[in-house]
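In UniProt numbering, the protein residues as written are 1 to 296.
Note that CB positions come from ideal geometry on N, CA and C, so glycine has one too.
Computed from a predicted model, the values in this text were never measured in an experiment.
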Ligand code: GDP
């Protein structure tokens, strides 16, 4: 997974600490120095790293760690708790609207995994006995409509499309009417992405948002894109006020630490994680489980 390098480094550091029966303040300092380097090397945003280490230090000092029976374990526990907090603390669930359908708008840059994640999310909801409707609002990328139709067929989930001659605002609107008539309780709108953020893209997304008042606006972020992931998230959040993030490609093998900063920088919770290309490879994101996975 994307955090493997970070996981290996942290586990190494903590193994050293665990082996020592007694530890000194200098040992704790040294361990935290290594944690800091590991986080930076994993591409976690440097401001976030500083805040993180300061917090752990503060807590370590306040808690009489050195005098405890298992000082090494205590330090690990603190790092685990702060890492969980960094990724959002508790699990943040998908909203359910009290007046169905629940409208979920998927946004993000091209190639982030938006269309695939729309299909995966629909599949996830279907498995929970929901009746999702996928909506093809990406009218610009060649083959995007076809792609979501194929996904729908594979998953046996209906796809609403009006081709590429109608505006996304009209399509989204008509899709919600369609969902109401057909008893679909979730509407998942796959919007267009661009290679870079541009005004036309944002204006269109803002227009769709204004028209359909989504219950969720989920930004799909490729975990392998480094610090850019944070910039992209900030910029989308500023314009659209996101309700959450879907982190994709966590199964990849690059550093991915930037993704850990997304929550801390934007305040938007990570709601789902994409763990592969297959259509069942989407998991609700649990900050505590991810922290434990990283710390081994
Ligand atoms: P979009 O342009 O944002 O709609 O991106 P797509 O949904 O077309 O996805 C772009 C590529 O990323 C496709 O080849 C997907 O199979 C791949 N992809 C999406 N999510 C994941 C994931 O979680 N893991 C991996 N390994 N690949 C993914």
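Checklist line | Closest residue to residue 252 among 232, 234, 261, 273 (Cα-Cα distance) | finding: Per the Cα distances, 273.
Next item on the list: Determine the extent of the beta strand (DSSP E) in which residue 136 is found, giving its start and end residues.
Entry: Run containing residue 136: 132-137, per the beta strand (DSSP E) assignment.
Notebook entry, point to check: Going by other Cβ atoms of all chains shown within 10 Å of its Cβ, with 16 needed for buried, is residue 267 buried or exposed?
Noted result: Exposed, by the Cβ-count rule.
Notebook entry, point to check: What separation, rounded to the nearest whole angstrom, lies between the Cα atoms of residue 229 and residue 260?
Noted result: Linking residue 229 to residue 260 through their CA atoms gives a straight-line distance of about 10 Å.
Check: Is the beta carbon of residue 282 less than 8 Å from the beta carbon of residue 117?
Finding: A contact, by the Cβ cut-off of 8 Å.
Margin query: What does DSSP give as the partner residue(s) for residue 202 in the beta ladder?
Written below: Beta-bridge pairing by DSSP links residue 202 to no other residue.
Next item on the list: Report the residue from 214, 293, 275 whose alpha carbon sits nearest the alpha carbon of residue 99.
Entry: For residue 99, the nearest C-alpha among the options comes from 214.
Check: In angstroms, rounded to a whole number, what distance separates the CA positions of residue 222 and residue 22?
Finding: The alpha-carbon of residue 222 is positioned some 42 Å away from that of residue 22.
Check: Expressed to the nearest angstrom, what Euclidean distance is found between the alpha-carbon atoms of residue 236 and residue 205?
Finding: Cα to Cα, the separation comes out at about 10 Å.
Checklist line | residue 33 burial status per 10 Å Cβ neighbour count (16 or more: buried) | finding: Exposed: under 16 other Cβ atoms inside 10 Å.
Checklist line | Cα-Cα separation between residue 101 and residue 153, rounded to whole angstroms | finding: Straight-line spacing of the CA atoms in residue 101 and residue 153 works out to 21 Å.
Check: Nearest CA to the CA of residue 93: which residue from 256, 77, 245?
Finding: Closest option to residue 93, Cα to Cα, is 245.
Note to self: At the level of alpha carbons, what is the spacing between residue 4 and residue 181?
What the structure shows: Rounded to whole angstroms, residue 4 to residue 181 spans 47 Å at the Cα level.
Next item on the list: Could you tell me which of 75, 47, 36 sits nearest to residue 25, measuring between CA atoms?
Entry: Nearest option by C-alpha distance: 75.
Checklist line | Where residue 304 falls: helix, strand or coil (DSSP) | finding: Because residue 304 is not part of the residues shown, which for the chain are 1 to 296, the question remains open.
Item checked: Secondary structure of residue 290, DSSP reduced to three states -> Reduced to three states, the DSSP call for residue 290 is helix.
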